[in-house]
Amino acid sequence: MTRLVFERWKDNQPLREAVEKFSSEADSYLAVKDSPVTEERIAARKHWQSLSVQYWEVLAALVDAQAEGEPEELRFSDDERLFIDYGYVDDDVTPASPEIKNISDSKITPGLFQYYYFSDFIAEAYAMIMEKPVTPPRSGYSLEGKIGEMERRLEAMAGRIKIIMPVALTKQGALPYEAEEMISALCDNVMPYTEAAMRTRKYREAPEKERQEMAVRHRAFTEAEKKIAALLNKPPAEEEGEGKGLDGAEAARLLGMVDSAKNIARSMVFAELEIPKWERKIKKVADEQMGIPAPVRRRRLRAQLFAKREYMSITAKSARRDSTQLCMSENAPLTLGGAAHNIEDLTALDPDMLVTARVRMYGIPRVILVPGQGFG
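Encoded structure:
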């Protein structure tokens with residue numbers, strides 16, 4: 480019984496042979512998987528380990544089949560992505576949550592990092608090695624697209640602040656014109672504040688007059704933020720009585736909006752800094768491939784895949800987990816959006832995490848969601 484069916488590549492002999500070998504091993508595994516006999520349980524474990532190795536052989540053959548015709552980009556079908564991104568074969572070999580089959584290409588919220596499914600990474604690696612147009616991940620954005628989306632989010636957040644904050648500030652004792660001035664100083668200067676605070680190249684190399692203007696706007700933002708925080712956290716006067724001022728939760732929510740605006744602006748600056756580094760990387764890879772025939776390039780692509788296997792194996796060993804990429808759990812899988820949300824929240828707790836010499840030199844690390852069993 481053939482347990483993996485990649486319909487459009489059924490005539491590709493290397494892939495067909497890899498699939499048949501995998502299916503035969505899967506049948507042997509299923510024959511002893513639930514056996515109470517110790518020897519057969521040991522045999523089942525060995526079959527499973529063999530299947531884990533063969534995942535990579537099938538994957539390499541699948542990528543070779545796609546890359547052979549040198550298309551402009553690799554586009555994996557939903558069935559192929561289930562195998563690549565989640566290690567799903569069928570409900571017998573890899574029982575899985577029904578959610579695993581609902582692959583979505585909806586865009587995730589852009590943040591500091593670029594997020595990839597494993598199939599996205601493979602498609603990008605192919606494009607760079609074969610000197611094809613590098614397209615953004617199916618669930619993400621190009622750097623330019625990410626900046627545009629962040630600009631819209633920052634504008635929307637500033638709009639919310641301008642609508643909601645004046646009421647709270649006047650409730651805390653600010654005069655209407657004072658509230659308007661503070662909010663304008665905050666919303667209008669968030670980008671210059673961020674550039675100056677991060678001491679970006681744009682700030683450092685700006686003409687003296689422009690740099691001084693950015694410094695003035697940095698100070699205006701800082702002072703407005705301090706005044707707003709002091710007002711929002713101010714307890715009500717005794718004569719006003721309880722319940723007249725803002726409670727702590729409401730003040731925290733409003734200050735959280737300011738923090739959100741700062742985080743979006745910071746992510747925008749990082750994305751802008753990434754563009755020249757990303758362009759240099761694409762050029763560097765292209766220069767390395769100059770004069771290299773296509774078959775050799777495809778072997779280099781295969782080598783990149785197997786290098787990722789080694790990284791996954793090291794991580795699994797340190798976590799004392801099975802290093803297989805095959806689906807082992809019926810729990811709902813971690814989505815790319817869920818992973819992005821967790822990582823962005825963690826990074827927000829330490830804004831200086833990415834202010835390092837290595838990041839300045841090579842750029843922000845990419846996040847690739849690979850199949851496997853974590854602690855979830």
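Residue numbers for the sequence shown, in our numbering: 480 to 855.
For each residue, glycine too, the CB sits at the ideal point set by N, CA and C.
Source: prediction; values computed, not measured.
Below 7 Å CB to CB, which residues in the same chain sit around residue i once its five sequence neighbours on both sides are set aside?
i      : result
Glu704 : Leu665, Val737
Leu711 : Ala647, Gln651, Leu725, Ala730, Leu733, Leu734
Asp801 : Ala795, Met807, Gln852
Asp571 : Leu509
Glu753 : Leu622, Gly842, Ile843
Thr649 : Pro655, Ala658
Pro574 : Glu809
Gly855 : In this predicted model, Gly855 has a pLDDT of only 48, less than 50, meaning its place in the structure is not dependable; the value taken from the coordinates is given anyway. So the list reads Asn810, Leu813, once near-sequence residues are dropped.
Val901 : Nothing about residue 901 can be reported from this structure: the residues present for the chain run from 480 to 855 only.
If we call anything under 8 Å between Cβ atoms a contact, is residue i one with residue j?
i      : j      : result
Leu546 : Leu494 : The question names Leu, but residue 546 is Ala in the sequence shown. Not closer than 8 Å, so no.
Ser887 : Ile563 : The structure shown does not extend to residue 887, since the chain is modelled only from 480 to 855, so the question has no answer here.
Phe501 : Gln533 : yes
Pro645 : Arg745 : no
Ser531 : Ala523 : no
Gln783 : Ala604 : yes
Gly566 : Pro850 : yes
Leu848 : Val542 : no
Val764 : Ile608 : yes
Val568 : Arg482 : yes
Glu751 : Ile626 : yes
Ala773 : Glu549 : yes
Arg639 : Ile743 : no
Can you find the residues in the same chain that come closer than 6 Å, C-beta to C-beta, to residue i, ignoring five residues on each side of it along the sequence?
i      : result
Gly816 : Ile587
Ala740 : Met636, Val669
Ala463 : This structure cannot speak to residue 463, because the chain is shown only from 480 to 855.
Asn821 : none
In terms of DSSP beta bridges, what is residue i paired with?
i      : result
Val846 : Tyr594
For residue i and residue j, which I take to be in contact (beta-carbon distance under 8 Å), what is that distance rounded to the nearest angstrom?
i      : j      : result
Thr826 : Leu622 : Actually they are not in contact, since the Cβ atoms of Thr826 and Leu622 sit about 17 Å apart, beyond 8 Å.
Val748 : Met677 : 6 Å
Gly842 : Lys756 : 4 Å
Gln768 : Arg776 : 6 Å
Ile601 : Leu553 : 6 Å
Arg690 : Tyr672 : Arg690 to Tyr672, Cβ: 14 Å. No contact.
Ser576 : Pro812 : 6 Å
Trp535 : Phe785 : 7 Å
Tyr595 : Pro616 : 5 Å
Tell me the DSSP secondary structure of residue i in three-state form.
i      : result
Asp513 : coil
Glu628 : helix
Phe562 : helix
Asp571 : coil
Met807 : coil
Gln852 : coil
Asp543 : helix
Lys525 : helix
Lys760 : helix
Phe555 : coil
Met840 : helix
Tyr620 : coil
Gly817 : helix
Arg678 : coil
Leu711 : helix
Leu780 : helix
Thr614 : coil
Pro686 : coil
Arg698 : helix
Glu549 : coil
Asn742 : helix
Ile822 : helix
Phe749 : helix
Asp801 : coil
Taking 7 Å as the cut-off, is the C-beta of residue i nearer than that to any heavy atom in the ligand HEM?
i      : result
Pro616 : Among the components modelled here there is no ligand, and therefore nothing to report on the ligand HEM.
Residues in its own chain within less than 8 Å of residue i by CB, not counting five upstream and five downstream?
i      : result
Ala819 : Ile587, Thr588, Gly590, Phe592, Tyr594, Val846
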